[in-house]
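Here the structure comes first, spelled out in structure tokens, and everything after it is commentary.
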Amino acid sequence: MPGTTPMAKPLSGPSSSATPIKSILKPMSVLGRRKLADDGDMSEITESPNKRRKVLFDEIRNVTYEVRGRSMDHVKLEVKTALEEHLRGNDIHYDTIKELFSKDKKRYLPPVVGEEDDAAKPHELQAYVMALTGCIPVLKDKACNGLVRAVLQCSWLGRDDAFVKVYTHFLAALVSAQGSYLMTVLSMLVDKFHDSRSSSWTVPDYPEVPREAMRDRLHSSLRHILQMFPAAKSVLENLLNSKFPFPDESMRVHMAYIHNLLRVKEYVPELHEEVLDLILSRVVKIDSQMQLDLEDLDDDVSAAVMYALSEPQTESADWEGDGDDSDTESVDTQDPDFDDDAIRVKTVKESVEKMDAVLDTLFEFYTPYFANPGSDKAFDAFTTILREFDHIVLPTYKSRHTQFLIFHFAQQHERLTDAFCGQLIATAFQSNTPNVLKQAAAAYLASFVARGAHVPRSLVRTIFMLLIHHLDQYREKYEPSCRGPDLKRFHPYYSLLQATLYIFCFRWQDLVVSAPDCVDPEDAASFIGQDLEWLGSCRRDLSLHVFGKLNPLKVCAPVIVEEFARLAHRLNFLYVYPLVESNKRVRLTQYLSSTYATGGALRDAGFESQEESYHQLDPYFPFDPYQLPTSKRWLVGDYVQWKAVPGLNADEDSDSDDSELDDEGDEEIEEGTATDSEGDDYE
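In terms of our numbering, the sequence shown is numbered consecutively and its last residue is 696.
Below is the structure:
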């Protein structure tokens, strides 16, 4: 080698002494030695390694290695000859190299005394990666795809740093020479986002590589590829989306993938929003499906799920821990002990744990941005959360937990609270917004104002009066053509009215302007039966709506109507019991015929056979009690818990003492609605 070569370094490997790299292509080596002997150059091979040290030059990294025995040129010659012979139809040596990479996790066994050591040693694979890098012009031929795939599938993350560097440059050289390999290389890297157990990357005869060290190597290589080929970022974005774990895959796989996605965001700022959107969109799908599954469970199965999740968690868990992986347990339906309910419990439990893990991670990820909640940094982060909420969460039917990200962070500062409420108001009252989104926005607005512990009284009053103002506009528009309550025709009006009633049920004390001196503001029961002054003209305005032709109490969810009637009566706000009783004799289907041209259309549409509840609003309010066992720690102090007013039902039957707003009880896993949230929302 030239005299200007840097000081030689030993080839990395598990052995402290350098081991000669022996040819894996024995037939080729014999022929090579014969040819060299005929030419009088055998001294290059037969010279004792103790007499002279050979230097191995890594042309890619410009680093010199010191080895004994054959030089790097001989390894390159073997590899190049094998590739050329393969292109001519002789696959013996080509297959030998391919097998070397395919069986790269096979443990090295020393030879029996007296036999030749012909097994490849773990660290020798590095030399062949370097040799293949030098043969990229030949390797890029389509006929060599099999060998390329074998190299890409080898266990490279569990070896030493030197191997990882050599391997990374092989990947870069491969993509540079043949652009069609870009997708294959990136796909291989992203596939490893699913790995979280050391068995996935550990290589025998090498020290075990910790998970974080493995990921450092993985992302260093991916970052190097992206720096060399900026156009690869769009390819990577598509791969990140397509390789996201399926909903039925385990929590461990989901969390491994999500943690790697968050790492990508750090060094590819162009994909910052795309990565966060991807995570949230997939989480929302799991969330809504889990909620539907929970609604299908009977009480016994729900109780079993609750018991399975009863172990309290107060600290962030290692969601990728190496404990028993329940997703690997298959269920044999032919087993005589097969229990369909047990399968359902296991499936729902895994979904709940998955949601808990993902949301706990997202809360932890966003929290540092809100260290100073009034700062521009916090507002920028909240803008991302708000955009995701508007595009992903709001349109999703019955998302149950994902929306609590914005519930929590919107209460960190009044600037953030105003931004969230402003967005919901805009959506709820825009004329070109679909009715389903208007109802969702009204429900979110009411639920946030009612349940947000840090929502100030002034904002509660402002929102309440704003809702009444828009209700007045709807009433003026709809009443002239109204024959009776009709959800289909007057949907925006009813959803807004129900939102108003919901706020009243939770925050009625904030709507009281003044009260007699005997009233204790800290004692809700002391307000009962008193002559209270209410905010503005809200009592008169709401009375006009409740007793108007649109008859909203017939269309709103009965459980909310009942609680409003009880509170309004005992607080001397409104007395609506006679209307509630008369509404029991009203059939909503009788008003639907007015929307059809012929009397038979109603019967043809099948509406006559539907229950009344089909034509009433769903009592869904999205910020009802959050029940995921670990991640609920982030919401402590954020929440207005439902508290029954002592003595509220004094004039009613004792059987009705516990209102339906208190029916949550201990069923922590079942859906908590606006009307079933008694007791300890947080323990």
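We put the beta carbon where it would ideally sit given N, CA and C, even for glycine.
Please work out which residues of its chain come closer than 8 Å, Cβ to Cβ, to residue i, disregarding the five sequence neighbours upstream and downstream, and give them in chain order.
{"i": "Ala156", "result": "His99, Leu100"}
{"i": "Leu291", "result": "Leu253, Asn254, Phe257, Leu274"}
{"i": "Cys734", "result": "There is simply no residue 734 to check, as the chain begins at 14 and stops at 696 in what is shown."}
{"i": "Ser200", "result": "Leu252, Lys256"}
{"i": "Ser471", "result": "none"}
{"i": "Gln416", "result": "Phe402, Val406, Tyr457, Pro635, Phe636"}
{"i": "Leu500", "result": "Tyr507, Val568, Leu601, His628, Gln629, Leu630"}
{"i": "Tyr379", "result": "Ala394, Ile398, Leu418, Phe422"}
{"i": "Leu648", "result": "Phe417, Phe420, His421, Tyr639, Tyr695"}
Are the beta-carbon atoms of residue i and residue j separated by less than 8 Å?
{"i": "Gly561", "j": "Arg496", "result": "no"}
{"i": "Pro381", "j": "His426", "result": "no"}
{"i": "Leu601", "j": "His628", "result": "yes"}
{"i": "Ser209", "j": "Ala269", "result": "yes"}
{"i": "Cys569", "j": "Leu510", "result": "yes"}
{"i": "Val151", "j": "Tyr180", "result": "no"}
{"i": "Glu250", "j": "Leu293", "result": "no"}
{"i": "Trp169", "j": "Val161", "result": "no"}
{"i": "Ile398", "j": "Ala459", "result": "no"}
{"i": "Arg428", "j": "Phe376", "result": "no"}
{"i": "Arg172", "j": "Val216", "result": "yes"}
{"i": "Lys111", "j": "Ala163", "result": "yes"}
{"i": "Asn448", "j": "Pro505", "result": "yes"}
{"i": "Val188", "j": "Leu239", "result": "no"}
{"i": "Ile541", "j": "Leu584", "result": "yes"}
Is it right to say residue i is buried, meaning 16 or more other beta carbons lie within 10 angstroms of its own, or is it exposed?
{"i": "Val589", "result": "buried"}
{"i": "Tyr755", "result": "Residue 755 lies beyond the residue range present for the chain, which begins at 14 and ends at 696; the question has no answer from this structure."}
{"i": "Leu305", "result": "exposed"}
{"i": "Asp373", "result": "buried"}
{"i": "Arg553", "result": "exposed"}
{"i": "Gln166", "result": "exposed"}
{"i": "Glu308", "result": "exposed"}
{"i": "Gln436", "result": "buried"}
If we ignore side chains and look at the alpha-carbon of each, how far apart do residue i and residue j end up?
{"i": "Asn445", "j": "Leu235", "result": "45 Å"}
{"i": "Phe183", "j": "Lys298", "result": "39 Å"}
{"i": "Asp204", "j": "Met227", "result": "14 Å"}
{"i": "Glu366", "j": "Phe519", "result": "30 Å"}
{"i": "Trp521", "j": "Ala578", "result": "13 Å"}
{"i": "Leu698", "j": "Trp655", "result": "Not covered by the structure: residue 698. The range shown for the chain is 14 to 696."}
{"i": "Ala537", "j": "Val248", "result": "60 Å"}
{"i": "Phe477", "j": "Val526", "result": "14 Å"}
{"i": "Ala394", "j": "Ala384", "result": "11 Å"}
{"i": "Ala581", "j": "Asp523", "result": "14 Å"}
{"i": "Lys118", "j": "Glu279", "result": "32 Å"}
{"i": "Arg295", "j": "Ala439", "result": "26 Å"}
{"i": "Ser8", "j": "Leu661", "result": "The requested residue 8 does not occur in the structure, where the chain is confined to residues 14 to 696."}
{"i": "Ala454", "j": "Asp389", "result": "26 Å"}
{"i": "Val473", "j": "Val358", "result": "40 Å"}
{"i": "Val593", "j": "His207", "result": "56 Å"}
{"i": "Ala244", "j": "Ser233", "result": "18 Å"}
{"i": "Tyr639", "j": "Ala657", "result": "19 Å"}
{"i": "Phe108", "j": "Ser115", "result": "In the sequence as displayed, the identity of residue 108 is Asp instead of Phe. Between Asp108 and Ser115, the C-alpha separation is close to 10 Å."}
{"i": "Lys362", "j": "Arg224", "result": "26 Å"}
{"i": "Leu548", "j": "Leu641", "result": "37 Å"}
{"i": "Asp271", "j": "Leu202", "result": "Position check: residue 271 holds Ile in this sequence, whereas Asp was assumed. Roughly 15 Å separates the two Cα atoms."}
In chain order, what residues of the same chain lie with their CB nearer than 6 Å to the CB of residue i, ignoring the 5 residues before and after it?
{"i": "Ser672", "result": "Caution applies to Ser672, whose pLDDT of 43 falls short of 50 and renders its modelled position unreliable; the value that the coordinates give is listed next. Hits under 6 Å: Glu576."}
{"i": "Lys567", "result": "Pro498, Asn596, Val599"}
{"i": "Ser364", "result": "Met303"}
{"i": "Ala370", "result": "Met264, Met268, Trp332"}
{"i": "Gln452", "result": "Ser508"}
{"i": "Ala423", "result": "Leu429, Thr430, Phe433"}
{"i": "Met703", "result": "As displayed, the chain neither begins before 14 nor continues past 696, which places residue 703 out of reach and without an answer."}
{"i": "Thr490", "result": "The question names Thr, but residue 490 in the sequence shown is Lys. Counting only Cβ-Cβ distances below 6 Å, and skipping sequence neighbours, we find nothing."}
{"i": "Gln191", "result": "Lys153"}
{"i": "Val2", "result": "The requested residue 2 does not occur in the structure, where the chain is confined to residues 14 to 696."}
{"i": "His237", "result": "Thr181"}
{"i": "Val574", "result": "Leu566"}
If you drop the 5 nearest sequence neighbours on each side, which residues of the same chain put their C-beta closer than 7 Å to that of residue i?
{"i": "Phe442", "result": "His483"}
{"i": "Tyr410", "result": "Ser301"}
{"i": "Asp544", "result": "Pro529, Asn585"}
Measure from the C-beta of residue i to each C-beta in chain B and report whether the shortest distance is under 8 Å.
{"i": "Pro447", "result": "You won't find chain B in this structure, because it holds only one protein chain."}
Segment contact, 8 Å Cβ cut-off, at least three pairs: the stretch 528 to 537 with the stretch 457 to 468: no
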